[in-house]
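Let me begin by presenting the structure, written as structure tokens, before commenting on it.
Numbering (my numbering), first residue to last: 39 to 351.
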């Protein structure tokens with residue numbers, strides 16, 4: 039099937055139109071079905087191609103959104119197409135009061151799977167996840183972008199027949215960190231507001247530094263420890279304002295030694311976090327070293343070297 043690569047309005051629906059979502063046809067073929075998720079940007083619906091019967095996910099954002107990001111995300115996903123664990127995108131357009139992006143329908147998020155598994159993953163599963171997380175982050179960085187919102191909710195299982203591939207989603211906060219031609223890195227800046235999710239944010243991001251490759255990787259470290267432990271020490275902090283809460287989370291993060299955070303788990307997790315925190319702003323992380331840390335641990339633990347599937351146990 040031909041993919042629509044433009045972002046024009048195929049529906050003939052003017053911006054002042056108030057046709058209900060369920061009656062819209064995106065790009066003349068995608069019909070909107072039931073709601074399957076939501077986020078800060080808007081909602082996600084199941085979509086059906088009325089000609090082929092193919093199912094997709096339709097990400098819907100109000101055109102009146104304070105910070106519209108769907109078209110930006112669409113363009114970035116087009117730039118990332120072809121990478122393993124990157125959802126296929128079909129089109130993005132404005133229909134009525136909504137921006138709508140049609141993309142590959144994926145499975146549940148790792149946060150959902152974690153809850154289904156009584157919030158317990160085996161070490162084997164966590165090491166398999168670590169390998170895929172690092173591959174995804176390395177690929178995004180190779181395309182000159184940083185994600186800036188690494189969290190379990192933004193890692194999804196693939197759709198039918200592809201459940202062993204972890205997909206990374208939600209590129210609305212992603213940012214170009216270097217010039218694609220010259221590889222000139224963005225300048226270091228301070229006094230930045232925290233972008234992303236406080237629970238998994240790096241200490242540098244909490245302190246107001248411009249984010250770079252190191253921050254995505256530190257966030258991966260917190261996601262891995264979240265799956266190991268079931269919770270992180272800075273969860274459940276109460277505060278009167280968001281800023282106060284962020285500050286308290288930062289204080290707890292900074293005052294919790296890596297060894298305490300990773301106590302009772304293989305030393306590779308602490309080694310990983312120490313490495314990420316030691317990186318300077320412009321440093322190119324040694325992705326191969328980090329993947330090897332967890333791959334060697336996998337072998338040391340005696341796990342099957344070529345796992346057929348992930349066992350969420």
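Backbone N, C-alpha and C fix where the C-beta goes; we use that ideal spot for every residue, glycine too. All values reported here derive from a predicted model rather than from experimental measurement.
query: Boundaries (first-last residue) of the alpha helix (DSSP H) holding residue 151; result: 148 to 154
query: Distance, residue 69 Cα to residue 62 Cα; result: 7 Å
query: Whole runs of the alpha helix (DSSP H) within the segment 232 to 270, excluding any shorter than 4 residues; result: 241 to 244 and 251 to 267
query: Residue 190 burial status per 10 Å Cβ neighbour count (16 or more: buried); result: buried
query: Per-residue DSSP class, three states only, for residue 307; result: helix
query: Residues of its chain near residue 286, where Cβ-Cβ distance is below 7 Å and the 5 sequence neighbours each way are ignored; result: 275 and 277
query: DSSP state of residue 216 mapped onto helix, strand, coil; result: strand
query: Unbroken alpha helix (DSSP H) run spanning residue 180, endpoints; result: 161 to 180
query: DSSP three-state assignment for residue 342, whether helix, strand or coil; result: coil
query: Same chain only: Cβ atoms within 7 Å of residue 201, ignoring 5 sequence neighbours per side; result: 145 and 195
query: C-alpha gap between residue 120 and residue 87, whole angstroms; result: 22 Å
query: Inter-stretch contact (C-beta, 8 Å, three-pair minimum) for the segment 329 to 345 and the segment 263 to 272; result: no
query: Extent of the continuous beta strand (DSSP E) run through residue 205; result: 204 to 206
query: Same chain only: Cβ atoms within 6 Å of residue 179, ignoring 5 sequence neighbours per side; result: 251
query: DSSP state of residue 300 mapped onto helix, strand, coil; result: coil
query: Buried or exposed (CB count within 10 angstroms, at least 16 for buried), residue 105; result: exposed
query: Other residues of its chain near residue 218: CB distance less than 6 Å, five sequence neighbours each side excluded; result: 182
query: Three CB pairs or more closer than 8 Å across the segment 93 to 104 and the segment 132 to 149; result: yes
query: Exposure label - residue 288; buried when at least 16 CB within 10 Å; result: buried
query: Inter-residue CB distance, residue 328 and residue 172 (contact presumed, cutoff 8 Å); result: 6 Å
query: Segment contact flag, the segment 146 to 153 with the segment 313 to 324, C-beta cutoff 8 Å, min 3 pairs; result: no
query: Buried versus exposed, by CB contacts within 10 Å (16 or more), residue 186; result: buried
query: Close Cβ partners of residue 239 (< 7 Å) along its chain, the five nearest in sequence each way excluded; result: 232 and 257
query: Straight-line gap, residue 245 to residue 65 (C-alpha atoms, nearest Å); result: 44 Å
query: Residue 13, buried or exposed, once every other Cβ within 10 Å from all chains shown has been counted against 16; result: Residue 13 lies beyond the residue range present for the chain, which begins at 39 and ends at 351; the question has no answer from this structure.
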